[in-house]
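Okay, so here's the structure we're looking at.
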Amino acid sequence: MDPSSSTISPASYKPLSELYVQSCGNLGMSWVMHKGRNLAFHNYKNEPALYSLEISNHSKESTVILRKGDSKKEAAISQASETSISGEYQINGPLGQETMERSGKDMYLWTVPAALCPPKLPPYETDDPDKKTTFHWIRTPRVEGKIATFASPDWKLHDKESGEVHAVFMENWDGTTDRGQIQFRRSFGENWEMSVLVSVGIVAERERARRDRRGNFTKGFMLW
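The numbering of the sequence shown is my numbering, which starts it at 399 and goes up by one.
This is how it looks when you write it as structure tokens:
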């Protein structure tokens, strides 16, 4: 199934609000060998996953695949592949091609079809099918000794043009399967939410890889 052809049934759609992000699988050698890459999104930690991300790294090239639930048998909703440019991803999203790239140390640029987050247009204006909208995932400096909260998160998803915050992400790297929480501040529908989950998965994977290069992953696991 082509992820770009994915459609959502309005009757079954319930807007997402706050989700726990967890590394898939049980702590053990297999989990350590895969470095806890794969992620799952839960309403509550003790409930089955609503969505999951299969994150693979082959020959220094990452792929990120979003599926419903936690089974690899489910069809792909969206798929991202890292390009030859480190940190840049081409995403085959629910409504077409998206791109994501790192911009400096603490920012990711995420560009999507405007149809994914359509503005309210006056009656005399028509939609431009080729129009793009850009968002920023921006890291918020954490005050030393303070724990991140939804009011003071680690990452915020901003609209580049308006500055409005649409989602926030609190990351967790304590060596357990917890990876943090994501909160949606504003939603444009389920296709939008699916794309946000892929984008935050890319942020989490890039941060995991950065910490792994610094040796923090193994240290955190051993502390656990």
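Backbone N, C-alpha and C define an ideal beta-carbon position, used for all residues, glycine too. Owing to the predicted nature of the structure, the values given are computational and were not obtained by experimental measurement.
By the 16-neighbour rule on beta-carbons within 10 angstroms, Gly-543 is exposed. Below 8 angstroms, enough C-beta pairs join the stretch 503-518 and the stretch 581-593 to call them touching: three or more. With respect to the C-alpha of Ser-479, the residue from Lys-470, Arg-465 and Thr-497 having the closest C-alpha is Thr-497.
Note that the stretch 573-583 does not touch the stretch 484-495; fewer than 3 beta-carbon pairs, one per stretch, sit closer than 8 angstroms. Residue pairing of Trp-508 in beta bridges, as defined by DSSP: Met-498 and Phe-533. A distance of 8 angstroms or more separates the beta carbons of Lys-554 and Val-541. The stretch 586-612 is shown to contain whole alpha helix (DSSP H) runs of 4 or more residues at 588-611, in chain order.
For the pair Leu-448 and Ile-489, the Cα-to-Cα distance works out to about 21 angstroms. Secondary structure note for Ser-479: its beta strand (DSSP E) is the uninterrupted segment 474-480.
Per the C-alpha coordinates, the member of Phe-582, Arg-608 and Asn-444 positioned closest to Ala-549 is Phe-582.
When rounded, the separation of the alpha-carbon atoms in Glu-499 and Glu-603 is 13 angstroms. For Thr-461, the beta-bridge partners assigned by DSSP are Ser-454 and Ser-479. Straight across, the Cα-Cα distance linking Ser-454 with Asp-526 is about 35 angstroms. In the three-state DSSP reduction, Leu-414 falls in the coil class, being neither helix nor strand. In this structure, DSSP gives Leu-514 a helical state, which the three-state scheme calls helix. Note that the C-beta distance between Val-601 and Tyr-487 is not below 8 angstroms. DSSP places Lys-554 in the uninterrupted beta strand (DSSP E) bounded by 553-557. Pairing Thr-509 with Thr-532 gives a Cβ-Cβ distance under 8 angstroms.
For Val-563, the secondary structure class from DSSP, reduced to helix, strand or coil, is strand.
Under the DSSP assignment, Phe-439 falls in the beta strand (DSSP E) whose first and last residues are 437-440. Ranked by how close their Cα comes to the Cα of Ser-585, the residues Ile-483, Thr-574 and His-556 have His-556 in first place.
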